[in-house]
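Worksheet: the structure to be examined is printed underneath.
In full-length UniProt numbering, the protein residues as written are 1 to 415.
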């Protein structure tokens, strides 16, 4: 069964947790005890409706304040697809949580309160989805019941958001606008009876029709080796395979490949998935590859097609999202992890800080605080083989580790 990962983003009281709870309820994904707990708590609070936000707000502080703080991953399935929803907080102080939740997602839902329209936080949510190259974005205009299901209110917000779209630099993004009422259930799973002017799909219908191959960014094939398989049994005495996941494109038997960083050439002899042999490994598939020649390949090496080499360099420029309470400073030393490879990194310069609400940049910056986003130049102690993030999401990103605390301090997207 296909698995679709979705990031959600919304400002305070936009109804994001309620929307996710409604999805779970209408797809019959809530367990009986969870549903009973929601019914009981809703009655205790004096509500004459089910508070579906209780299905997702797991922390005590979230339930008390009625807001989302942590990134929660919610799982549900339909007959045709499995879903993982990253329920991320939308507040300014939780920018790092939004980046974390969206970093592994293939689609995103941005919620807008129909009464408030496009606000500063909406700009920030769209900026992060644009930065992370999320290809399919659904703009769910929620609480339509509070504006009398007005088509004019929907069109006004849509026009404002389309103006915001003019500021993006990722033009392959598909934006879909859906008017919903998460509380009442309109256009979430079931079609609304109160908005007959809307002729598009419901939220779930749109998600069900997404082609997972289409929403992945296509790039040149990259095969980072995660493990070298040597069974050393009687049956497979001389077997030497390289296990990993294919990113960006596909690899086939007979393809001439280069092993990085040694630059050794060989050809793909066979492709296995467990004990089944295949002619081609499509992108996103986890396989074991054998080569025709006895070449030295280790964990952390990368197989690429001849003529499709990535950039191999000891310095790079990246957009960095800082996630640590300790500042990033010019001259600071960190560990940069790119795939399974690690290198020592020194911050050369901070070119400028980027305001994620599209309000501009800030120059003459010498340090970054938690939730800051900036263009940063890094110098490494050894070369890494990378692509620009715009061309290859997987091979164009890295994490920054503070060697003193071993905390993941930031994430970078290579330019």
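Where a beta carbon is used, it is the ideal one built from N, C-alpha and C, also for glycine.
Bear in mind that the values here come from a model prediction, so they are computed numbers and not experimental data.
It is roughly 12 Å from the alpha-carbon of residue 230 to the alpha-carbon of residue 298. Counting the other CB atoms within 10 Å of its CB gives residue 404 a total below 16, which places it among the exposed residues.
In the DSSP assignment, residue 258 is bridged to 265 and 304. Within a 10 Å sphere around the beta-carbon of residue 197 sit fewer than 16 other beta-carbons, which makes this residue exposed. Taking C-beta separations shorter than 6 Å and ignoring five residues to either side along the sequence, the partners of residue 114 in its chain run 141, 143, 144, 147 and 153, following chain order.
The shortest CA-to-CA distance from residue 212 to any of 155, 171, 161 and 282 is the one to 282. In terms of CA proximity to residue 226, 247 leads the group 20, 232 and 247. Boundaries of the alpha helix (DSSP H) around residue 207: 203 to 209.
The beta carbon of residue 249 lies closer than 6 Å to those of 220, 221 and 283 in the same chain, with the five residues before and after it left out.
Residue range 95 to 102 is occupied by the alpha helix (DSSP H) that includes residue 96. About 11 Å separates the CB atoms of residue 257 and residue 269; that is not less than 8 Å, and the two are not in contact. The closest CA to that of residue 187, considering only 333, 26 and 347, is found on 26. Taken through DSSP and simplified to helix, strand or coil, residue 31 comes out as coil. Under the DSSP assignment, residue 19 falls in the alpha helix (DSSP H) whose first and last residues are 16 to 26. The beta carbon of residue 308 sits closer than 6 Å to the beta carbons of 220 from its chain, once the five residues preceding and following it are set aside; these are given in chain order. Assigned with DSSP and collapsed to three states, residue 242 falls in strand. For the options 410, 295, 180 and 263, the alpha carbon positioned closest to that of residue 325 is the one of 410.
Per the Cβ contact rule, the stretch 4 to 13 is in contact with the stretch 110 to 125 (3 or more Cβ pairs under 8 Å). In chain order, 346 and 347 place their CB closer than 8 Å to the CB of residue 332, counting only its own chain and leaving out the 5 sequence neighbours on each side. Cβ-Cβ distances below 6 Å link residue 19 to 182 in the same chain, with the five nearest sequence neighbours on each side left out; the list follows chain order.
Rounded to the nearest angstrom, the Cβ distance from residue 50 to residue 38 is 6 Å, consistent with a contact under 8 Å.
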